[in-house]
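Chains A and B supply the protein sequences, listed in that same order. Per the working numbering, residue 3 is the first one in the first sequence, and the count goes up by one each step. Per the working numbering, residue 30 is the first one in the second sequence, and the count goes up by one each step. First comes the structure, then the notes that go with it.
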Amino acid sequence: MLTIENLKIGYKTGGEEKVVLQDLNATALKGELIAIIGKNGAGKSTLLRTITGLQPSLLGKIYYEGKYILDYSRMELAQKVGYISTEIVRASNMSVYDLVALGRFPYTDWTGRINKENHLKIMDAIENSGMMSFCSRYISELSDGERQKAMIARILAQDTGLMVMDEPTAFLDIGSKYEILHLMHNLAKTAGKAIVFSTHDLHMAISQADKIWLLTDLKLMEGAPEDLMIQGDFDHIFDSSAVRYNSDHGTFTFKSDEKGSIYIEGEGILRYWTEKAVNRAGFDVSREKTDPSVIIPSGESKNWRLVIHDSISEYRSLYDLIGRLTVGDNGTI
Amino acid sequence: MTHLLQENNITKGTLLPAIRQQKMIFVFLSFLVLLFFILDLFLGSVSLSAGEVIRALFSNTHGHLETIVYKFRLPKAITALIVGIGLSLSGLQMQTIFRNPMAGPDVLGITSGASLGVAFVILGFSVNISPDTLKGFGNWILVAASWTGAGTIMMVILFISTRIKDIMTILILGIMLSSGISALVILMQYFSSESLLKAYVIWTMGSLGNLTTEQLNVLVISVLAGILLSLASSKILNALLLGENYAGSIGLNVKFARIIIFSCTSILAGSVTAFCGPIGFIGIAVPHMARILFRTSDHKILIPGTILLGGAVMLVSDIISQLPGSEKVLPLNAVTSLIGIPVVIWVILRNRKYSGIY
């Protein structure tokens, strides 16, 4: 569907090139959901814009369905790739139908007349994105999630094999976020679209994407999320900043908070949440006995017990326990 | 127009009531334009009865009545219609391309740009050209200078608006630009001869009645060209509603689109300004009236709607400025401002955040 070869992207101002990313090689196949991950300013949006053909590349080649991107006319390209950016469309009195109808732009004649065939495509797109009941509503009246669905309906009407989305779930509440993601997943799996999207939500990307394009140090690393995880590639993304990604747990910790490791005795659901709490406080969970160590509630005891130098103190909640552990950081243990 | 609506009827099944309503508004507006056009013929500083006007229109003699109707009232009514259409359409296009509800030929300094072009011709170059040569071919020079001035300012505003997204900042810069240009024109006036200066000052007052037949021809041809170009560009304008990135992603050649729309706007606003002087607030207010009436963002509806409304509003302004029944005549600019300003204020108040008004 999409092949990128030795791509160099960035901006040209005057005679000077400002390279954002280079030596990019990647592919996107039919039915694949691909997440682009990288820090702010890593070049996610630039890459997406270049793929869409809105911005010329500095070097290298992009192919759609085996054909070089520059060999397509503007209208042909618009029939191959659809684009949603983070920009919000604000037009008064524009109904959802009107918005989606603009997706038929590359297919209508110069008058922009919507004929029967176009109309059916528009209605299909609205139906498939679950926006049927909003058809004649104005887009200015929609919630963020509904508007994003309407935008997706628009590129569905555009009838492209490849969909490019820049942070489609940013600014959405959890419910809408998963609804949009579910819709994207369905479109990839049932309609056979290739979807390339950027996101800051690492968890979501790892759990949902078929493939991840990881942008670090001007390079692109490509692979299934688990592959990248095993290779430890994620560990480096946030290295330079105050945050560390821990590929063992799939969680983030603040570097300043790293306080060593701690042993937890016990099993089950209580252990799971105790580990979470301890991680949050900046401790790694150790496999070997440590001092201090934690014993989770079991049997008669309903309290968490903290063992420090063989003396045991009890805590009624994880909140109290963590409170004690963090104070301990100041040297009281 | 009607065939287009009928097609929409078949296809847009769910939006049927809205379409029917729009159709009725079109019929009503066409009737209004016709009515105001006729009223504009009947009402004026010399009071003529309806019978007299009709007799004059269909008689072959060349009497006093015929002179008033044919030499004054009819050209003025046609001018009003054309001016209203030209300014309103250019306002609609500017609001869409800048995605700014407050855009309009007078607000962003386009009319000032046109004035500068005119000032160059009337005050500057007339060292070689006497005012008399401004007849015939001279009219085209005048109008072309006006287009160039308007187009140049459009480019400047575009340059600014690609760098600054904030609507208020752009508006303020537009006002600064207008003032700067006015200052230039004043300097030019200072160095020009008395008779030319008088010609220029009369021009700046804005009037529909001072056009010669040749000038009216030039105006009608230019604005008609602008109208045709607008009607042909409704698809482009619809795409531009999405913003330039999205418009590009659905296959629009944004650079080409900009050239088309800018030329069209410059021709419309420039021609009107060249012959009738700077006329305020019609360009910014009428497109909003059209949006309120038709409740759509589709330029296939908005363009014809704006044409009809623009014509109607300008004819009404002209009728009011004649103060029917009295021999006094009000300045046209005062009337259009009083009609336009409430609309603009309403638009600002309705949506103070400027989100989604245009």
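Glycine included, each C-beta is placed from N, C-alpha and C at the ideal position.
Check	Outcome
Supposed close pair G268 (chain A), I298 (chain A) - CB separation, criterion 8 Å	3 Å
Between the CA atoms of M186 (chain A) and E224 (chain A) - distance to the nearest angstrom	20 Å
Residue interval of the alpha helix (DSSP H) (run including R102 (chain B))	First-last for R102 (chain B): undefined, no H or E at that position.
Test: V91 (chain A) CB closer than 8 Å to a CB of chain B	yes
Touch test, the region 79–92 of chain A against the region 157–164 of chain A, Cβ-Cβ under 8 Å, three pairs minimum	yes
Chain-ordered residues of the region 184–200 of chain A with a beta carbon less than 7 Å from chain B	none
Element boundaries [alpha helix (DSSP H), containing W232 (chain B)]	E223 to T233
Entirely enclosed beta strand (DSSP E) segments - the region 177–212 of chain B, minimum 3 residues	none
Reduced DSSP secondary structure (H/G/I, E/B, other) of Q351 (chain B)	coil
Proximity below 8 Å, CB of G138 (chain B) to CB of S207 (chain B)	yes
L272 (chain A) versus L320 (chain A) - alpha carbon distance	10 Å
Within chain B, the residues that L56 (chain A) reaches when beta carbons sit closer than 8 Å	N274, G277 and S278
Buried versus exposed, by CB contacts within 10 Å (16 or more), N246 (chain B)	exposed
Coarse secondary structure for E18 (chain A), derived from DSSP in three states	strand
Partner residues on chain A for S263 (chain B), Cβ-Cβ distance less than 9 Å	T113 and G114
Limits of the alpha helix (DSSP H) - the one that Y274 (chain A) falls within	G270 to R282
Neighbourhood of V214 (chain B) by C-beta, 7 Å cutoff - its chain only, sequence neighbours within 5 removed	S144, L145 and A148
Length at least 4, wholly inside the region 43–94 of chain B: the alpha helix (DSSP H) runs in chain order	45–71 and 79–87
Residues that K105 (chain B) contacts on chain A, provided the C-beta gap is smaller than 7 Å	By Cβ distance, chain A contributes nothing, its closest Cβ being about 34 Å from K105 (chain B), past 7 Å.
Residue-chain proximity (L258 (chain B), chain E), Cβ-Cβ < 8 Å	No chain E appears in the structure shown, which is made up of the protein chains A and B.
Distance CB(A173 (chain B))-CB(M343 (chain B)) smaller than 8 Å	no
Whether V136 (chain B) touches L200 (chain B) by CB criterion (8 Å)	yes
Rounded separation between D229 (chain A) and Y180 (chain A) - CA only	24 Å
Rounded Cβ spacing between L269 (chain B) and I126 (chain B) (contact assumed at less than 8 Å)	6 Å
W169 (chain B) versus R128 (chain B): straight-line alpha-carbon distance, rounded	32 Å
The region 166–181 of chain A contacting the region 19–30 of chain A, beta-carbon criterion three pairs below 8 Å	no
For K10 (chain A): DSSP bridge partner residues	A:L61
For T294 (chain B) and E95 (chain B), the rounded distance between their alpha carbons	36 Å
Contact set for N95 (chain A): own chain, Cβ-Cβ below 7 Å, skip 5 residues either direction	Y140
Sub-8 Å separation of S251 (chain B) and I289 (chain B) beta-carbons	no
Pairwise C-alpha distance: F107 (chain A) and F285 (chain B)	16 Å
Contact list for S87 (chain A) against chain B, beta-carbon separation under 9 Å	G272, N274, Y275 and S278
Buried versus exposed call for F310 (chain B) [16 or more other C-beta atoms within 10 Å across all chains shown]	buried
Residue ranges of each beta strand (DSSP E) within the region 186–212 of chain A, 3 or longer	196–200
Beta-carbon proximity of L220 (chain A) to Q24 (chain A), cut-off 8 Å	yes
Classification of P134 (chain B) by the beta-carbon crowding that lies within 10 angstroms, buried from 16 upward	buried
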